[in-house]
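Novice:
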Amino acid sequence: MAESIVRPEMINRAAYEELRAADMPEDQAKAVAAHLPDWSQFATRQDLVELRGEMSGLESRLVRWMIGIFLAMASLLAAAVSVLVAVLG
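As numbered in UniProt numbering, residues 1 to 89 make up the sequence shown, in order.
(1) Measure the C-alpha to C-alpha separation of Met-24 and Arg-45 and round it to an integer number of angstroms.
(2) Rounded to whole angstroms, what's the CA-CA distance from Ala-29 to Pro-37? Just pull it up for me.
(3) Between Ala-2 and Ser-60, what straight-line distance do the alpha-carbon atoms span, to the nearest angstrom?
(4) Whole angstroms are fine: how far does the CA of Asp-47 sit from the CA of Leu-71?
(5) Residues in the same chain with beta-carbon distance under 8 Å from Asn-12, minus the five sequence neighbours each way, listed in chain order, please.
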């Protein structure tokens with residue numbers, strides 16, 4: 001039988017352990033586990049709640065930055081208008 005070419009980093013360890021506990025041969029368990037998704041890499045509900053909190057924090061910082069930029073532009077416009085009035089008036 002040809003030897004399996006499954007690198008250790010490709011194997012879903014949790015699935016492999018479950019398959020081995022179910023008396024599946026080692027090579028077959030490695031091959032099957034390599035094709036099963038590792039769900040631990042996906043976000044949990046708590047991760048999403050934390051992300052939502054971080055995003056609202058980022059949104060408030062963005063709004064503050066936009067207000068600051070708007071105020072800076074308004075003050076520059078007011079300064080330009082006062083210079084124009086002084087030069088033309």
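Virtual Cβ for every residue (Gly too), placed ideally from N, Cα, C.
Specialist: Answer, in terms of the structure:
(1) 33 Å
(2) 14 Å
(3) Residue placement at Ala-2 is poorly supported in this model, since its pLDDT is 47, which falls under 50; the coordinates still yield a value, given next. Answer to the nearest angstrom: the Cα atoms are 59 Å apart.
(4) 36 Å
(5) Ala-33, Ala-34, Leu-36, Pro-37 and Asp-38
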